[in-house]
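**Student:**
Protein chains: 2
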Amino acid sequence: MLQFDVTHALPFLPANWLSSRLDGLTEARRLLEDGSGLGGEFTGWVDLPRSYDREEVQRVLQTARIIRRQSQALVVIGIGGSYLGARALLELLTSPNYNLLCGTSPQVFFTGNNLSSDALTELLDYLRDKDFSVNVVSKSGTTTEPAIAFLLFRQLLEEKYGREGARDRIFATTDREEGTLRALANQEGYATFSIPRDIGGRYSVLTPAGLLPLAVAGVDIRGILDGARSAMTALRRPGQENPAWQYAAARNALYAQGKNIELLAGYEPHLRAFGEWWKQLFGESEGKDGQGVFPASVEFTTDLHSMGQYIQEGARDLFETVVRFTVPQSSCLLDPHPEDPSGLGYLRGRDLRFVNEQARRGTALAHAAGGVPNLLLTAGERTPFWAGQLVYFFQYACGLSGYLSGVNPFNQPGVEAYKANMFALLGKPGWEARRQALLAGQTPKG
Amino acid sequence: MLQFDVTHALPFLPANWLSSRLDGLTEARRLLEDGSGLGGEFTGWVDLPRSYDREEVQRVLQTARIIRRQSQALVVIGIGGSYLGARALLELLTSPNYNLLCGTSPQVFFTGNNLSSDALTELLDYLRDKDFSVNVVSKSGTTTEPAIAFLLFRQLLEEKYGREGARDRIFATTDREEGTLRALANQEGYATFSIPRDIGGRYSVLTPAGLLPLAVAGVDIRGILDGARSAMTALRRPGQENPAWQYAAARNALYAQGKNIELLAGYEPHLRAFGEWWKQLFGESEGKDGQGVFPASVEFTTDLHSMGQYIQEGARDLFETVVRFTVPQSSCLLDPHPEDPSGLGYLRGRDLRFVNEQARRGTALAHAAGGVPNLLLTAGERTPFWAGQLVYFFQYACGLSGYLSGVNPFNQPGVEAYKANMFALLGKPGWEARRQALLAGQTPKG
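The listed protein sequences derive, respectively, from chains A and B.
Using the working numbering, the letters of the first sequence map in sequence onto residues 1 to 446.
Using the working numbering, the letters of the second sequence map in sequence onto residues 1001 to 1446.
#1: Determine, for Asp1118(B), whether the minimum Cβ-Cβ distance to residues of chain A falls below 7 angstroms.
#2: Could you give the residue range of the beta strand (DSSP E) that holds Gln1003(B)?
#3: In the DSSP assignment, what are the bridge partners of Phe1110(B)?
#4: Using 7 angstroms as the threshold, is the C-beta distance between Gly373(A) and Phe319(A) below it?
#5: In terms of residue numbering, what span does the alpha helix (DSSP H) encompassing Gly1362(B) cover?
#6: Let me know the secondary structure DSSP gives Phe410(A) once reduced to three states.
#7: Which two residues bound the contiguous alpha helix (DSSP H) that contains Ala1166(B)?
#8: Is the stretch 395 to 403 of chain A touching the stretch 337 to 351 of chain A in the sense that three or more CB pairs, one from each, lie closer than 8 angstroms?
#9: If you draw a straight line from the C-alpha of Pro447(A) to the C-alpha of Ala1231(B), how long is it?
#10: Is Ile1077(B) near Thr1111(B), with beta carbons less than 7 angstroms apart?
#11: Does Phe348(A) pass the burial test, meaning 16 or more other C-beta atoms within 10 Å, or should it be called exposed?
#12: Using the beta-carbon count (16 or more within 10 Å), is Gly1441(B) buried or exposed?
#13: For a contact meaning CB atoms closer than 9 angstroms, what does Asp1289(B) contact in chain A?
#14: Return the chain-ordered list of same chain residues with a C-beta closer than 6 angstroms to the C-beta of Val1136(B), the five sequence neighbours on each side being excluded.
#15: For chain B, find out if any of its Cβ atoms is closer than 7 angstroms to the Cβ of Leu184(A); answer yes or no.
#16: Do the stretch 1323 to 1334 of chain B and the stretch 1348 to 1365 of chain B meet, that is, are 3 or more Cβ pairs less than 8 angstroms apart?
#17: Can you list, in chain order, the residues of the stretch 386 to 417 of chain A whose Cβ is nearer than 8 angstroms to any Cβ on chain B?
#18: Please identify the residue among Asp226(A), Asn97(A), Leu32(A) whose C-alpha is closest to the C-alpha of Gln1107(B).
#19: Sorted by chain position, which residues of the same chain lie with C-beta nearer than 7 angstroms to Glu1313(B)'s C-beta, five sequence neighbours on each side aside?
#20: DSSP three-state call for Gln1395(B): helix, strand or coil?
#21: Taking Cβ positions only, does Leu1425(B) come closer than 7 angstroms to chain A?
#22: Could you give the uninterrupted runs of the alpha helix (DSSP H) lying entirely in the stretch 1256 to 1328 of chain B, keeping only those of 4 residues or more?
#23: In this structure, how does DSSP classify Ala253(A) when only helix, strand and coil are distinguished?
#24: According to DSSP, is Gly380(A) helix, strand or coil?
#25: Tell me which residue opens and which closes the beta strand (DSSP E) that Ile170(A) is part of.
#26: Any beta carbon from chain B within less than 7 angstroms of Cys332(A)'s own beta carbon?
#27: Would you kindly report the start and end of the unbroken beta strand (DSSP E) that includes Thr1192(B)?
#28: Per the DSSP calculation, Ser133(A) is bridged to which residue(s)?
#29: Less than 7 angstroms between the beta carbons of Gly80(A) and Ser1306(B), yes or no?
#30: Just list the residues that DSSP pairs Asn1421(B) with in beta bridges.
#31: Is Glu1158(B) close to chain A, meaning its C-beta is less than 7 angstroms from at least one C-beta of that chain?
#32: Ordered along the chain, which non-local residues of its own chain (more than five positions away) have a Cβ less than 7 angstroms from that of His1367(B)?
#33: Between Phe132(A) and chain B, is there a C-beta pair that is closer than 7 angstroms?
#34: Taking the CB atoms as reference points, tell me whether Ala1458(B) and Pro1049(B) lie closer together than 7 angstroms.
#35: Report the neighbours of Gly1200(B) on chain A: residues whose CB is nearer than 9 angstroms to its CB, in chain order.
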């Protein structure tokens, strides 16, 4: 099981940081268990690692084999929770350079998450003479960014393979019954997978939204689900030994002390995309009602030479949560000349993993001494099983933490504001009144 | 010239936000001009776009041609300012997917910026059967991360090409006279380029540290320097019309209002690495003495579906600075069926660039209405000339802003703390006393 270590945050916490929150955590747990809290209609992820549809996962694996046979690339069209989880685990479990290193596995491209004509044109051009498939991931099918990308890539598929051929290369992950994408998929006969209605985007990585792209890349998705189930079993047990309770309580207590920025830090580049997933999970769950810890992420030791100065000596409103793996996949023995001119001679015979671990220990001590509390989450190997544990840990801790801080951790009302203005400015039918207001220099709230 | 627009921040600023800072800006400008301020020995970048060594730039271009002929890949070894600028402009001016799309140009890999055995092993394996060259970038040559990577890649080059052959594939960018890397380069006969002693890492992108990798990728580095010179001429002119004065004053005034997090935002994925460069520039320059705006970056519209909720409705201590290009490189006409099931019909005949621009406008209005001041910096095209302007703009504004806030914008004393602990824990000779202290559970400050 994951280990949570609060040692380097204790000097910043009152003695009762955990005990004073046990009642709140007990209540938060109950709300997650029985779905009776704010947003309780979106707590389907809590039991998912036990109750998921085995048959559908079987079909995900079969479909992945088909895509791997017929395609040099998979284009995943989705925004926010419809791609961040898949991308996070893809980079964590393969490499940030997956598309260069994937060999005979299909490349995986994440698109439909912006409105950049340069980015879309670039990818369309790259794929024009390649065999590819599309996985469009959207609950509704009407979100502008993925809808536009789906339009463009569907047109390219139809040019290349004809309308019939394109149908065999489009895979839709969407609601089981409702929505535009579901209707279109039924009409066109696309193969489909479902995102359960009681699971929101940022909690959906263990549904086919995350699992299909991962399976196409050859990642062991059953291992991920096994890891999540193992974490679920441990973390739903109440009590102050529970690492998710500790994490939720510690970040809550640090926020109460004025530490209003949390940095998720890792010592492997493979965690960079995971940091983006984590930022959505916590930022979108807790950043509302004028409050919430601001989530940022850093990659160490890399960013110790960019953000390190600020962390060590800037405004003292930060805390850090470090994700650590005890066993890297590769060994890399250092063999400098004893008189190495760069002064590395003393590292002769050391493995690089040892050096990286001392950097981590030294940084935790330096940051804590500089006034930055450090939390540490330790996993075993960088494998699907441990990745699944990490996903469930952060999801569960986020649910607890959101209820502890009194918000609805499962809505995101603020995401509509830019869309409303954009629709009005684009002249979308139905938004005429807002358009008039904006053009008159007024800005309606919300 | 770049346009700076403060419209959507004005409601958050006192009327005298600029006028009350004109004296301070006049003084900050003087300190930058005559190098008499804190850290004045590191202001060589101020005049660099005019005074740079033409002959050396000529040699950078010649060397780039040699590397392009002899190599399928260039490995850039450097950490912090020794790679972030090159990476920022490479991704901005080509693509975040450069290594997939580069065709007959060499791939460019940035390494030596972490201690991950998995990441280093992965790259060593990838390059084993490719022709590659190395550009090692370090003022001193003793920083642990690049020194270890240089050891490993030099060993691989010597295996592949012999010691003589390896010499022709190693290019060192370092101090003109001093330091371990300079001594090694002289001894081994590597081709070398210099980082002027009066320019620190985070201000070094317009030196060969940034220019050589960019030239290898085929980027027009003279265009970048021309753009920087153009910005320099405009921005060194004093006065309240000066966009760098306005930016420095506005962020300073917003910080005084309690807006202690700044988000650099762009609407092109090509700006993502630029955000990392910007974070080092401002975070390392201003994050000291227990103060400083915390720098973060976001990519829109992508992150409107992850960080967007927080920005719209979370704690109100944020402001945003948006970098915008008026003309994207590609046109992408939308041609949905009038009855498009996703509801895109109203966009028929529109260019995607128009949609992206309305998203930007709508977001600025939404965020300002939600309590997040918006600053806007507008460039023309995404070209070397405009990229050079952006670099100089932010460097110059950062120098002004640092002096306005009373810090030394050119040192980074806090970066040493983790290194000291790491050396002690690794058992490096000379760090025995600190090692004893750490093992006894004490943590020396600084």
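We put the beta carbon where it would ideally sit given N, CA and C, even for glycine.
Keep in mind the model is a prediction, meaning the values are calculated, not measured.
**Tutor:** On the basis of the coordinates in this document:
#1: yes
#2: 1003 to 1005
#3: Val1076(B)
#4: What sits at residue 373(A) in the sequence shown is Pro, not Gly. It is a contact, given that the beta carbons lie within the stated cut-off.
#5: 1352 to 1369
#6: coil
#7: 1144 to 1167
#8: no
#9: Residue numbering for chain A in the displayed model covers 1 to 446; residue 447(A) lies beyond these limits and cannot be assessed.
#10: yes
#11: According to the sequence displayed, residue 348(A) carries Arg and not Phe. Label assigned to Arg348(A): exposed.
#12: exposed
#13: Glu313, Gly314
#14: Ile1077, Phe1150, Ala1172
#15: yes
#16: yes
#17: Gln412, Pro413, Gly414, Val415, Ala417
#18: Asn97(A)
#19: Gly1370
#20: helix
#21: yes
#22: 1272 to 1286, 1308 to 1313
#23: helix
#24: strand
#25: 170 to 174
#26: yes
#27: 1191 to 1194
#28: Leu74(A)
#29: yes
#30: Paired residue(s): none; Asn1421(B) is not in a bridge.
#31: no
#32: Ile1311, Gln1312, Glu1320, Asn1374
#33: no
#34: With chain B covering 1001 to 1446 only, the question about residue 1458(B) has no answer from this structure.
#35: Result: empty, since nearest Cβ-Cβ is about 11 angstroms, beyond 9 angstroms.
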